[in-house]
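Numbering (my numbering), first residue to last: 1 to 116. Ideal placement from N, C-alpha and C gives every residue a C-beta, glycine not left out. Fair warning: this is a prediction, and the values are worked out from it, not measured in the lab. As structure tokens, the structure follows; a few thoughts come after it.
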């Protein structure tokens, strides 16, 4: 029982509570800023689609961009949370770079068709 009590005192000491609270507030603020930025960009895309609604290709590209934006924002949020929790994100970023390169090579023909 004595060991459990020591662990409890160490985990919930005032210093630890302040430390974890500061991390939680930092994470919440970071996620809020990223979400607001996401909504602003999404609003800009929707506005551009409304002004060019007659072009079918443009609406397809806008849909593609919105979908890609959603994944990018989710990834940025994940990276932000992991970094603020103190985890090393270098390997994750390197993997994301390689994955992005593979996707860009795969989407090369799609972009070529859209441009021409």
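Apart from sequence neighbours up to five positions away, the residues of its chain that approach residue 82 with a beta-carbon distance below 8 Å are 89 and 92, ordered along the chain. DSSP assignment within the stretch 5-64 yields the following whole alpha helix (DSSP H) runs of 4 residues or more, N-terminal first: 14-51. Taking a contact to require three or more Cβ pairs closer than 8 Å, the stretch 63-76 and the stretch 27-38 qualify as touching.
Secondary structure note for residue 98: its alpha helix (DSSP H) is the uninterrupted segment 90-106. Exclusion of the five residues before and after residue 45 leaves 62, 65, 66 and 69 as the residues of its chain whose Cβ lies within less than 8 Å of its Cβ. For residue 87, the secondary structure class from DSSP, reduced to helix, strand or coil, is coil.
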